[in-house]
Amino acid sequence: MANLIYLTLNGEKQGLISAGCCSLDSIGNKAQLLHLDHIMVYELTHGLSRDQNVNHHSVTIKKPV
């Protein structure tokens with residue numbers, strides 16, 4: 001089984017965007033009370049290419065709905 005990643009997301013104007021993301025109301029029986037204000041991430045991928053300059057590609061995050 002893969003390791004879980006817990007992500008905290010803060011916005012400059014929005015404040016804590018990840019507030020309540022691991023609560024029982026948010027994800028049901030997968031709730032993690034010790035990680036209440038974190039986003040549970042199953043997979044994170046990112047790509048980059050170095051032809052002439054470094055080009056960053058999209059970041060993909062897989063998480064429970």
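Just so you know, we're using the UniProt record's numbering here: the sequence shown kicks off at 1 and counts up by one.
Even for Gly, the Cβ is constructed at its ideal location relative to N, Cα and C.
Values in this document were obtained by computation on a predicted structure and should not be read as measured data.
Only counting the same chain, and skipping five residues up and downstream in sequence, which positions put a Cβ closer than 6 Å to that of residue i?
| i | result |
| --- | --- |
| Leu9 | Ile17 and Ser18 |
| His56 | Leu48 |
Per DSSP, what kind of secondary structure is residue i in: helix, strand or coil?
| i | result |
| --- | --- |
| His46 | strand |
| Gly20 | coil |
Within 10 Å of its beta-carbon, does residue i have 16 or more other beta-carbons around it, so buried, or fewer, so exposed?
| i | result |
| --- | --- |
| Ile61 | exposed |
What number of angstroms, rounded off, separates the C-alpha of residue i from the C-alpha of residue j?
| i | j | result |
| --- | --- | --- |
| Glu43 | Val65 | 13 Å |
| Gly15 | Ile39 | 15 Å |
| Leu36 | His46 | 26 Å |
| Asn53 | Asn29 | 46 Å |
| Arg50 | Ser58 | 15 Å |
| Tyr6 | Asp25 | 18 Å |
How is the beta strand (DSSP E) around residue i delimited, first residue to last?
| i | result |
| --- | --- |
| Leu4 | Taken as a continuous stretch (DSSP letters only), Leu4 belongs to no beta strand (DSSP E), as it is neither H nor E. |
| Ser58 | Val54 to Lys62 |
| Val65 | Here Val65 belongs to no beta strand (DSSP E), and DSSP marks it neither H nor E. |
Enumerate in chain order the residues of its own chain whose CB-to-CB distance from residue i is below 7 Å, with the five nearest sequence positions on each side excluded.
| i | result |
| --- | --- |
| Cys22 | Ala31, Gln32, His35, Leu36, His38 and Met40 |
| Ala2 | Tyr42 |
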